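Everything on this sheet refers to the single structure shown next.
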Amino acid sequence: MIWDTLTTTDFAGIDRRTPVILPIAAVEQHGPHLPLSVDCDIGRHFVRQAETQFGTEMLVLPQVQVACSQHHMDFAGTLTVRPETFLTYAADLLESVIAHGFDRIVIFNSHGGNQAIGRVLADKMGTSHRHCHVVMATWWTLAAAELTPLQESARGGISHACEFETSVMMLAHPEKVRTDQITGMSHVTTHEWAQEDMLNGARASLFRTMYEKSGGTGTVGDASTASAKKGERITDAVVGALEIVVRDLKSAGPRVAAVPGGQA
Ligand SMILES: [Zn+2]
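In terms of numbering that gives the first Met the number 0, the sequence shown opens at residue 0 and continues consecutively.
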């Protein structure tokens with residue numbers, strides 16, 4: 000179910016245990032071969048697929064399109080808001096949802112720059128609403144186990160405008176992929192302890208802008224190994240993993256209530 004296609008009277012018939020999905024994305028550069036809309040397009044693609052497979056089990060809020068992309072601002076066209084702006088805005092959105100009686104929320108993220116603030120948002124909502132189940136899920140970590148065997152590129156090939164993102168775009172929006180602009184591997188290595196990609200976190204997080212990580216190309220990874228077929232496999236993996244979260248949340252019992260004063 001899509002939140003803003005319903006009428007206000009429709010809500011009377013909706014089980015308040017239905018998980019509510021908040022898609023969060025970005026409008027930022029994705030190298031020369033992909034448009035600024037990639038993270039919005041990919042998030043919408045997964046949600047659309049989920050809607051056809053188990054749409055009655057969830058409610059989908061309007062996507063937050065512009066979020067935290069400060070680290071892309073060296074590249075023209077990128078739009079960003081400050082982390083505190085995002086946090087205030089997204090928390091207000093979720094407060095509205097909770098005010099209407101819903102208590103199960105999934106923040107569904109399709110942008111690397113939203114991962115840290117998305118966790119902060121989940122922590123904030125989960126602590127201020129002790130009865131609410133709040134999940135923060137970024138698509139590539141949500142389906143990491145299923146996605147790992149799909150990687151064909153060398154180490155460093157999956158990060159940004161990369162093998163995976165380009166594959167999903169080739170499936171969802173082939174008309175938006177400028178295949179003649181795809182080059183091979185593009186990423187700037189750093190200290191061993193700070194190396195990371197979509198599926199392998201770093202031991203310690205070293206801040207670098209996308210300009211630094213990409214060496215100025217805007218692409219971190221290897222889009223030359225992308226294909227629409229792989230996009231299908233990625234979609235199946237992500238939507239399947241999201242379905243498990245939605246179904247588990249819907250059937251979850253109440254959270255354990257704390258005793259005032261912290262005494263067990
Ligand atoms: Zn992206």
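We put the CB at the ideal spot given by N, CA and C, even for glycine.
Given the structure is predicted, the values throughout are model-derived calculations rather than measurements.
Proximity to Arg-154 across Asn-113, Trp-139, Gly-230, Met-197 peaks at Met-197, based on C-alpha coordinates. By the CB criterion at 8 Å, Ala-160 and His-32 fall inside the cutoff. Rounded to whole angstroms, the separation of the alpha carbons of Asp-40 and Ala-171 is 8 Å. For the pair His-130 and Pro-253, the CB atoms are nearer than the 8 Å cut-off. About 14 Å separates the CB atoms of Glu-231 and Gln-52; that is not less than 8 Å, and the two are not in contact.
Per DSSP, Val-80 lies in no alpha helix (DSSP H) segment and is marked neither H nor E. Going by DSSP, Met-168 is part of no beta strand (DSSP E) but of the alpha helix (DSSP H) stretching over 162-171. Annotation: the continuous beta strand (DSSP E) that includes Leu-21 extends over 19-23. Shortest Cα-Cα distance from Asn-108 to any of Ala-121, Met-135, Ala-49 involves Met-135.
If one requires a minimum length of 4 residues, the alpha helix (DSSP H) runs lying completely within the stretch 129-155 are 138-141, 143-146, in chain order.
C-alpha of Val-105 to C-alpha of Thr-189: approximately 34 Å in a straight line. Following the DSSP letters along the chain, one finds Phe-107 inside the beta strand (DSSP E) bounded by residues 103-108. DSSP places Val-63 within a strand segment (E or B) once states are collapsed to three.
DSSP places Ser-158 in the uninterrupted beta strand (DSSP E) bounded by 157-159. Within the model, the alpha-carbon separation for Leu-93 versus Gly-100 is close to 11 Å. Rounded to the nearest angstrom, the gap between the Cα atoms of Pro-34 and Ala-193 is 28 Å. Between Ser-158 and Lys-229, the C-beta spacing is not below 8 Å. When C-beta atoms of the stretch 66-75 are compared with those of the stretch 109-116, three or more pairs fall below 8 Å, so the two segments count as touching. DSSP, reduced to helix, strand and coil, places Ser-223 within a helical segment of the structure shown. The residues Ala-201, in chain order, have a CB closer than 6 Å to that of Glu-195 in the same chain once the five nearest residues on each side in sequence are set aside. When the beta-carbon positions are compared, Thr-55 and Lys-249 stay at least 8 Å from each other.
Contact between Leu-86 and Leu-60 is ruled out by a C-beta separation of about 16 Å, above the 8 Å threshold. By a beta-carbon distance limit of 8 Å, Gly-30 contacts Thr-218. Their separation comes to about 4 Å. In this structure, Met-0 sits near Leu-58, with a CB-CB distance shorter than 8 Å. In this structure, Ile-97 keeps its C-beta atom at 8 Å or more from the C-beta atom of Phe-163. Closest in alpha carbon position to Thr-216, among Pro-82, Ala-142, Asp-38, Met-184, is Met-184.
For Ala-49, the enclosing alpha helix (DSSP H) starts and ends at 37-53.
Remark: the C-beta of Asp-196 is outside contact range of ligand 1, defined as less than 7 Å to any heavy atom.
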